[in-house]
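J.: First the structure, which I've put down as structure tokens, then a few questions once you've had a look.
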Amino acid sequence: MAKQQTEVRDLQEGSYVMIDDEPCKINSYSTASPGKHGSAKASIEAVGVFDGRKRQLSQPVDQKIWVPIIERKQGQVISVDDADGVAQVMDLDTYQTVSMAIPDDIDISPDDEIEYLEMEDRRKILR
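Shown next as structure tokens:
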């Protein structure tokens, strides 16, 4: 899996983190001051990049955590199958053709250039 380890204290809003083995984008990050016998704790609220589910995480700030490596890529739509809600997209760097689900809020047609996220074999159209 394309991921790396970092400390919780290095995370910030807008970055990515793995929660329940799912890549998530951080919406809210806050820390609580250390207690008498413990270390400071971070509270993270995030939304799954590919599934859209909200997740929460509470960890000590010096704990190691996995951060996914998500690439932002450009592609061109080759064909659209409205019945299945799937588009054939050609990557503009590698010229590889892949099938991607079309989100409900995005209207695309053949020959449109799009931006998408990719992590391993998972992809999501952004615009």
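Here our numbering is used: position 69 in the sequence shown is 53, and no number is missing along the way.
Backbone N, C-alpha and C fix where the C-beta goes; we use that ideal spot for every residue, glycine too.
A quick note: this is a predicted structure, and the numbers were derived from the prediction, not measured.
What do you reckon, are the CB atoms on L(-5) and A16 nearer than 9 Å?
T.: No, they are not a contact pair.
J.: What's the C-alpha gap between V129 and L101?
T.: The requested residue 129 does not occur in the structure, where the chain is confined to residues -15 to 111.
J.: Consult DSSP for V116 and reduce its assignment to one of helix, strand or coil.
T.: An answer regarding residue 116 cannot be provided, because it is not within the stretch -15 to 111 covered by the chain.
J.: In three-state terms, what does DSSP make of R106?
T.: R106: strand per DSSP, three-state reduction.
J.: For Y79 and S63, I'd like the C-alpha separation in whole angstroms.
T.: Straight-line Cα distance between these residues: approximately 15 Å.
J.: When the distance is taken between beta carbons, is T81 closer than 9 Å to D88?
T.: Not a contact, by the Cβ cut-off of 9 Å.
J.: For R111, which residues in the same chain have their Cβ closer than 7 Å to its Cβ, ignoring the five residues on either side in sequence?
T.: Within the same chain, R111 has close Cβ partners I90, I98, E99.
J.: DSSP on D91, reduced to helix/strand/coil?
T.: Of the three classes helix, strand and coil, the one that applies to D91 here is coil, per DSSP.
J.: Taking the alpha carbon of D94 as the reference point, which residue from I109, R107, Q60 has its own alpha carbon closest?
T.: Checking the sequence shown, residue 94 turns out to be Pro, not Asp. Comparing Cα positions, the closest option is Q60.
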